Amino acid sequence: MNHAHGEPIATKPTRQEQEPAQSDITEVAAGVYRLQLPISMPGLGHVNCYALEDANGFTLVDPGLPGEESWTALQQRLTQLGASVKNVHTALVTHSHPDHYGGVHRLQADHKIEVIAHSDFYSSYAPSRASEFFDDLSTASLDLADDEDIEKFRDAMRFTNPWGTDREPPSPEHIRTWGAVAEGIGTKIFQPPEASVSLNDSDEITIGGRTWLAIHTPGHTHDHLCLYDPIDGLFLSGDHVLPTITPHIGGITAMDDPLAVFFRSLERMHEFPNISQVLPAHGHPFLDLAGRADSIIEHHHERLDHLREAGADLGQAPVEAYMQRLFKERSWGDMAASETYAHLEHLRILGDATQDEEQGLKTYNVA
Ligand SMILES: [Zn+2]
Ligand SMILES: [Zn+2]
């Protein structure tokens, strides 16, 4: 749901983020384990769940998608650590995307864990629709074996994009895969969990016997949180900074100019000079946090230039027309349109584009 990542940067041919989840576990720093959980989303083959150990058990950072496949993998990985889900006492969720929070519901329901997230976790996402949308969904009964039920559920998930076209809900296959995890959790699986501990920027939190600083990094989502261990220079970067792909920047958000917000959060990556390891949510750990953040900024500046060039031919045109210039055909769809819209809105706010609207459909003229 509403989550995938943008085009790979052309100069970096390897896309580690697409590698399938490996079952072996690596101890990336003392008491910090990287567990790879399977996901199947555009451009992504696994999500890293970091298990941080302390005397009482484990905190899991981003425990994967909902669904039986991820849950089974999580149990297997914990077994390799000589533990089980019973030893998990806390989950920290870097941001409100289902490949990061999906595993939390069952841990919360079955094991009463603490859930830590940013104080804006989900609350201001798509404010026009979020609360009633999820109220409707959580009262809906859903029999995963019933095609009619699935279609009703999908209808409840349909909405109009802010640029005026209609959004397709997740496929029946996705709903079946993600929904089939635990009796009693039901349709809740599609909404973010309730956090029991809220963090704001610069808050300190002790997890896995280390004191971390919460770094609020809005952009990819409004509620994105990174964690920085100033003693050992570890940086849990979530989806904010990924090693070889650029995080998706969508236009369906409470942020007025998500791209500008993302740029500011990327520039902040220069504030951490003693990084020993960046631990991303997808792909392998890496070292150069500031350098990688700079190349993501550069990538988006190239995309903006590309839109300026496209605008010269297209004149006044809808978001989808610009999307077809910005993305390869295999990527066309709601995600790509949303990212294009975020870029067009950035240009509009800069004064480099004008917007028109007719019967709800927005068009842009990029000067
Ligand atoms: Zn994400
Ligand atoms: Zn992700």
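If you're matching positions, the sequence shown starts at 160 in the working numbering and goes up one per residue. Here a beta-carbon is modelled for each residue, glycine too, at the ideal position from N, C-alpha and C. All of these numbers come straight from a predicted model, not from anything done at the bench.
When I275, G397, H256 are compared, the shortest CA-CA separation from H248 is found for I275. Ligand 1 approaches P406 closely enough that one of its heavy atoms is under 8 angstroms from the residue's Cβ. DSSP places W371 within a strand segment (E or B) once states are collapsed to three.
In the DSSP assignment, K521 falls within the unbroken beta strand (DSSP E) covering 520-525. T253 sits in coil when the DSSP states are folded into three classes, being neither helix nor strand.
Residue pairing by DSSP places N207 opposite Q195 in a beta bridge.
Just so you know, the alpha carbons of G262 and A526 end up roughly 45 angstroms apart. Around the beta carbon of R423, a 10 Å sphere encloses fewer than 16 other beta carbons of the protein chains shown; the residue is thus reported as exposed. H270 is positioned such that its CB atom lies closer than 9 angstroms to that of V244. The DSSP-derived three-state label of F312 is helix. A check of alpha carbon separations from H459 across I408, P477, P197, A232 identifies I408 as the nearest. Per DSSP, reduced to three states, the secondary structure at L384 is strand. By the 16-neighbour rule on beta-carbons within 10 angstroms, L219 is buried. In the DSSP assignment, E426 falls within the unbroken alpha helix (DSSP H) covering 417-426. Taking the CA atoms as reference points, P201 sits about 33 angstroms from G216. The beta carbon of L393 sits closer than 6 angstroms to the beta carbons of A188, Q436 from its chain, once the five residues preceding and following it are set aside; these are given in chain order. Annotation: the continuous beta strand (DSSP E) that includes H277 extends over 273-277. In the DSSP annotation of this structure, the continuous segment of the alpha helix (DSSP H) that includes G338 starts and ends at 331-338. Close CB contacts of M316 within its chain, under the 6 angstroms cut and outside five residues either way in sequence, are with P328 (chain order). In this structure, the straight-line span from the alpha carbon of E504 to that of I364 is close to 36 angstroms. In the displayed model, T499 falls within a helix according to three-state DSSP.
Contact check for Q475 and N524: beta-carbon distance about 5 angstroms, within the 8 angstroms limit, so the pair qualifies.
By the Cβ criterion, the region 491-506 is in contact with the region 461-471, since at least three pairs of Cβ atoms, one from each stretch, lie closer than 8 angstroms. Taking C-beta atoms under 8 angstroms as the contact rule, G410 and P477 fail to qualify, at a distance of about 13 angstroms. When the alpha-carbon of I366 is set against those of Q235, A250, Y481, P352, the nearest one is in A250. At a Cβ-Cβ threshold of 9 angstroms, P406 and G450 do not count as neighbours.
Taking C-beta atoms as the reference points, I374 and R326 fail to come closer than 9 angstroms. Ligand 1 never approaches T319 closely enough for any of its heavy atoms to be under 8 angstroms from the residue's Cβ. Around the CB of P351, 16 or more other CB atoms lie within 10 Å, so the residue is classed as buried. By a beta-carbon distance limit of 8 angstroms, H441 contacts N207. Their separation comes to about 7 angstroms. According to DSSP, S361 shares a beta bridge with no other residue. Less than 9 angstroms divides the Cβ of T380 from the Cβ of S255.
Here the C-alpha atom of T238 lies approximately 45 angstroms from the C-alpha atom of E461.
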